[in-house]
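Student: Encoded as structure tokens, here's the structure I'll be asking about.
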Amino acid sequence: MTITVNSAVVYLSIIQILVIINLDFVSSVFILPHPSTTHYNVKQNNSTLKSSSSVILNISESSDYSNLEPQCPSQIYCYGNLLHTVQMASIYSDSKTFVDMKMHASEAETLVKFNAFMSEHSQQPSKGQIKEWVENNFTPRGNEFVDWVPGDWKREPKFLNSIKDNALREWASDLNSFWIKLGRKMKDDVKLNENLYSLIHVPNPLIVPGGRFLEIYYWDSYWILRGLLHCEMYQTTKGILENFRSMLNRFGHIPNGGRVYYLGRSQPPLLTLMIKSYYDFTQDQEFVLNSLDDLEKEFQFFMDLHTVEVNGTKLFRYIDNTFGPRPESYREDYLSAQAFTSDEEKENFYSEMKAGAESGMDFTSRWFIARDGSNKGKLTDIKTRSIIPVELNAIMYRNAMLLSEWFGWQKNEIKVKYYKDTADAILNAMNQILWHDDIGTWLDFDILNNRRRNYFSSSNLSPLWLKAYKNGDENYISFKILDYIKNSGADEYPGGIPNTLEHTGEQWDFPNVWAPLQHMIIIGLSQLPNQEAREMAFNWTVKYIRNNFLTYRDTTAMFEKYSVTEVGSGGGGGEYEIQLGFGWSNGAVLDLLEKYGDKLVAIGK
Numbered sequence: 014m015t016i017t018v019n020s021a022v023v024y025l026s027i028i029q030i031l032v033i034i035n036l037d038f039v040s041s042v043f044i045l046p047h048p049s050t051t052h053y054n055v056k057q058n059n060s061t062l063k064s065s066s067s068v069i070l071n072i073s074e075s076s077d078y079s080n081l082e083p084q085c086p087s088q089i090y091c092y093g094n095l096l097h098t099v100q101m102a103s104i105y106s107d108s109k110t111f112v113d114m115k116m117h118a119s120e121a122e123t124l125v126k127f128n129a130f131m132s133e134h135s136q137q138p139s140k141g142q143i144k145e146w147v148e149n150n151f152t153p154r155g156n157e158f159v160d161w162v163p164g165d166w167k168r169e170p171k172f173l174n175s176i177k178d179n180a181l182r183e184w185a186s187d188l189n190s191f192w193i194k195l196g197r198k199m200k201d202d203v204k205l206n207e208n209l210y211s212l213i214h215v216p217n218p219l220i221v222p223g224g225r226f227l228e229i230y231y232w233d234s235y236w237i238l239r240g241l242l243h244c245e246m247y248q249t250t251k252g253i254l255e256n257f258r259s260m261l262n263r264f265g266h267i268p269n270g271g272r273v274y275y276l277g278r279s280q281p282p283l284l285t286l287m288i289k290s291y292y293d294f295t296q297d298q299e300f301v302l303n304s305l306d307d308l309e310k311e312f313q314f315f316m317d318l319h320t321v322e323v324n325g326t327k328l329f330r331y332i333d334n335t336f337g338p339r340p341e342s343y344r345e346d347y348l349s350a351q352a353f354t355s356d357e358e359k360e361n362f363y364s365e366m367k368a369g370a371e372s373g374m375d376f377t378s379r380w381f382i383a384r385d386g387s388n389k390g391k392l393t394d395i396k397t398r399s400i401i402p403v404e405l406n407a408i409m410y411r412n413a414m415l416l417s418e419w420f421g422w423q424k425n426e427i428k429v430k431y432y433k434d435t436a437d438a439i440l441n442a443m444n445q446i447l448w449h450d451d452i453g454t455w456l457d458f459d460i461l462n463n464r465r466r467n468y469f470s471s472s473n474l475s476p477l478w479l480k481a482y483k484n485g486d487e488n489y490i491s492f493k494i495l496d497y498i499k500n501s502g503a504d505e506y507p508g509g510i511p512n513t514l515e516h517t518g519e520q521w522d523f524p525n526v527w528a529p530l531q532h533m534i535i536i537g538l539s540q541l542p543n544q545e546a547r548e549m550a551f552n553w554t555v556k557y558i559r560n561n562f563l564t565y566r567d568t569t570a571m572f573e574k575y576s577v578t579e580v581g582s583g584g585g586g587g588e589y590e591i592q593l594g595f596g597w598s599n600g601a602v603l604d605l606l607e608k609y610g611d612k613l614v615a616i617g618k
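Under our numbering, think of the first position of the sequence shown as 14, with each following residue one higher.
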């Protein structure tokens, strides 16, 4: 059944009418399909990169947006009058609260009850009445999990002994204990009655980021796993990797996070790199080989749906082809979209926001294209789908190289060559479009205006982490990159390297520093054969570790982001309050403490 949408908000659909007529039919439509047939992604499946890119490019320009799909089939959690009514009533301060709640009855029954409730109140219930109705028909979020202590957790993992400073060693021990606080196991009811939840069932327990993020998240997990591996939690790590493989087999891609409302988008595809980390620690070659089919599926998902032709080359970008606001930020997106007049403009805005969320960097001036083509705009200037991001292409290059290497273990020369040729093509495209010798770095590219985006972002340096450059170019790149960093002024702050230098109030802009990008560029610089680059990597580590350590000393908490200007305090900005926990900060810090623990001291202790 195809649902067409001609408005940013769906007030009454054919399915809602059918709910009243035939409950069994609607229930069969919206219960999650069997894993073997489920694949919620955008409405295109092109066999060639060129045809894929032409479809994508027309999305933002075409007046025909009525063939966009819902973010998931649920009229409770992804679209529809019930979702709109509840979210716009602001009964909770965070839009995510409602869409994380469990239904008491089936979706069909819940919709019938809701329609009766709306009729009873002449389609205009008060905020208090809406809240009462929700509380009578849904279970509060968080009740789908039980706390879980990983069976392979150790009080004193061996790497702690490599940390020379007593205060830092004690801190690392505390962070190791955080895995117990962040461990979760789904209740059996999630598997038995998955159609009552927005939560996606996975077979193994998991480590969550923390704060409002109660479920598993895709790219967060790379840094979480780095920390787990240093803590010798190999079985927990393997279980999390199996969870992602389960999602891949079920949906054809790994969603942004472990909720059905995230199914319309993915995140930076780091599963291959996670498995590489797991292999480096365990030498479990069998697991790598058993994962190859799944990793190929993900690689092809990005090849089919995320490529675009740029000046004779093919590169990757973040994309979304679904309708409506993000359910977990519904009210915020809907209100922001009122800056636009037509439904088409609003739908384009929603898609740009969801593509920005797919990047993991939601939100930042990196995705802004103002009328003059600059990044000097605001959130309504977001054009994520028109920007070729450096880090995504570097990730895809490294994924292709790893697949080529691993198929070599199987003596599969055809696939060895295919993935090596694909990697070479990505690298050549990056060198042609994204590398700028006169600037001395890689830059994002604006396909709307066919020009480079010459603005500092720490993601510009991400190819260093993934060695997305030709062998033999290391020394030349070292000198170029060092000059670029010095000229940018990004090295002047006491708390680390800011994600950008733009003052917008968005959380991925100045003055915030985030664990993923900080870790990427430190590791990238440390891998260069230049002593000055390695010293810079260490100095940035000192700044970032000190910022985390002093904040922890004062608060006994780890934050998802920090300020580069105010050492010892969390970052700010964005759509929600600063979150504690915090998975990727813990993992990145543990990785850096293991790498530099013999040199670091707790300055300011």
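Each residue gets a CB set at the ideal place from its N, CA and C atoms; glycine is no exception.
Please report the straight-line C-alpha distance between I7 and R330, rounded to a whole angstrom.
Tutor: One cannot answer for residue 7 here, as it falls past the ends of the chain, which runs 14 to 618.
Student: First and last residue of the alpha helix (DSSP H) that includes T249?
Tutor: Unbroken alpha helix (DSSP H) run through T249: 247-264.
Student: Three Cβ pairs or more, each shorter than 8 Å: is that satisfied between the region 479-497 and the region 512-523?
Tutor: Touching, no, given that fewer than three Cβ pairs across the two stretches are closer than 8 Å.
Student: Starting from the Cα of Y609, find the closest Cα among S576, W597, M571, Y557 and give me that residue.
Tutor: The candidate whose alpha carbon is nearest that of Y609 is Y557.
Student: First and last residue of the alpha helix (DSSP H) that includes E371?
Tutor: Segment 356-371, the alpha helix (DSSP H) holding E371.
Student: Does the beta-carbon distance from P218 to G196 come in below 8 Å?
Tutor: In this structure, G196 lies closer than 8 Å to P218 by Cβ.
Student: Identify which residue in I408, S387, Y431 has its Cα closest to the Cα of D459.
Tutor: Comparing Cα-Cα distances from D459 to each of I408, S387, Y431, the minimum goes to S387.
Student: Should E82 go down as buried or exposed, given a rule of 16 or more other Cβ atoms within 10 Å for buried?
Tutor: It counts as buried.
Student: In terms of residues, what are the limits of the beta strand (DSSP E) holding F595?
Tutor: First-last for F595: undefined, no H or E at that position.
Student: Along the alpha helix (DSSP H) that carries N525, what are the first and last residues, could you check?
Tutor: That residue, N525, is in no alpha helix (DSSP H); its beta strand (DSSP E) goes 525-527.
Student: Counting Cβ pairs closer than 8 Å, one from the region 596-607 and one from the region 528-540, do we hit at least three?
Tutor: The region 596-607 vs the region 528-540: in contact.
Student: Which first and last residues belong to the beta strand (DSSP E) in which T320 is found?
Tutor: Per DSSP, T320 belongs to the beta strand (DSSP E) from 320-323.
Student: Output the distance between the C-alpha atoms of V614 and T554, rounded to the nearest integer angstrom.
Tutor: In a straight line, the C-alpha of V614 is about 11 Å away from that of T554.
Student: Can you name the start and end residues of the alpha helix (DSSP H) that G421 belongs to?
Tutor: 403-422 is the span of the alpha helix (DSSP H), which, as asked, contains G421.
Student: Using alpha carbons as the reference points, say which of Q280, L416, W422, M409 lies closest to D375.
Tutor: Out of Q280, L416, W422, M409, Q280 has the C-alpha closest to the C-alpha of D375.
Student: Around the Cβ of Y235, are there at least 16 other Cβ atoms within 10 angstroms (buried) or fewer (exposed)?
Tutor: Looking at its Cβ environment, which holds 16 or more other Cβ atoms inside 10 Å, Y235 is buried.
Student: Any idea if D307 is buried or exposed, counting beta-carbon neighbours within 10 angstroms, 16 or more meaning buried?
Tutor: So D307 counts as buried.
Student: Suppose contacts are defined by Cβ-Cβ distances below 8 Å. Is G369 in contact with I382 by that definition?
Tutor: Cβ atoms of G369 and I382: not closer than 8 Å.
Student: Quick one: measure Cβ to Cβ for L254 and M287, integer angstroms, because I've assumed they're closer than 8 Å.
Tutor: The Cβ separation is near 6 Å, so the contact holds.
Student: Could you check how far apart the C-beta atoms of Y90 and S186 are, in whole angstroms? I think they sit under 8 Å.
Tutor: About 40 Å; that fails the 8 Å criterion.
Student: Can you have a look at W422 and say buried or exposed, based on whether 16 or more other CB atoms are within 10 angstroms of its CB?
Tutor: Looking at its Cβ environment, which holds fewer than 16 other Cβ atoms inside 10 Å, W422 is exposed.
Student: Would you identify the three-state DSSP class for R330, choosing helix, strand or coil?
Tutor: Coil, per DSSP.
Student: Quick check on the burial criterion: 16 or more other C-beta atoms within 10 angstroms. Buried or exposed for G485?
Tutor: It counts as exposed.
Student: From M116, F151, S103, K428, pick the residue whose C-alpha is nearest to that of P138; which is it?
Tutor: It is S103 whose Cα lies nearest to the Cα of P138.
Student: Using C-beta distances below 8 Å, list every residue in its chain close to S66, excluding the 5 sequence neighbours before and after it, in chain order.
Tutor: Annotation note: pLDDT 30 at S66 (below 50); position unreliable, no value reported.
Student: What residue range is occupied by the uninterrupted alpha helix (DSSP H) comprising Q379?
Tutor: Note on identity: in this sequence residue 379 is Arg, with Gln being the wrong assignment. No alpha helix (DSSP H) contains R379, which DSSP labels as neither H nor E.
Student: Can you grab the Cα-Cα spacing for the pair S256 / I229, in whole Å?
Tutor: A small fix is needed here, since residue 256 is Asn in this sequence, not Ser. Between N256 and I229, the C-alpha separation is close to 9 Å.
Student: Let me know the secondary structure DSSP gives R168 once reduced to three states.
Tutor: Note: R168 maps to coil in three-state DSSP.
Student: If you run the structure through DSSP and keep just helix, strand and coil, what is F226?
Tutor: Strand at F226.
Student: Determine, using beta-carbon pairs with one atom in the region 145-157 and one in the region 175-185, whether at least three such pairs fall under 8 Å.
Tutor: Judged by Cβ distances under 8 Å, the region 145-157 makes no contact with the region 175-185, as fewer than three pairs qualify.
Student: What is the DSSP secondary structure of G581, counted as helix, strand or coil?
Tutor: DSSP places G581 in coil when its eight states are reduced to three.
Student: Are the CB atoms of W448 and L305 within a distance shorter than 8 Å?
Tutor: No, the pair does not count as a contact, with Cβ atoms beyond the cut-off.
Student: Are the beta-carbon atoms belonging to I213 and R154 less than 8 Å from one another?
Tutor: In this structure, R154 does not lie closer than 8 Å to I213 by Cβ.
Student: Between S119, E120, M101, A118, which lies nearest to K140 when the distance is taken from Cα to Cα?
Tutor: Comparing Cα positions, the closest option is M101.
Student: Using DSSP's beta-bridge definition, name the partner residues of M116.
Tutor: Answer by DSSP bridge pairing, in chain order: F151.
Student: In chain order, what residues of the same chain have a beta carbon less than 8 Å from the beta carbon of L95, not counting five sequence neighbours either side?
Tutor: Hits under 8 Å: Q88, I89, T123, L124, F127.
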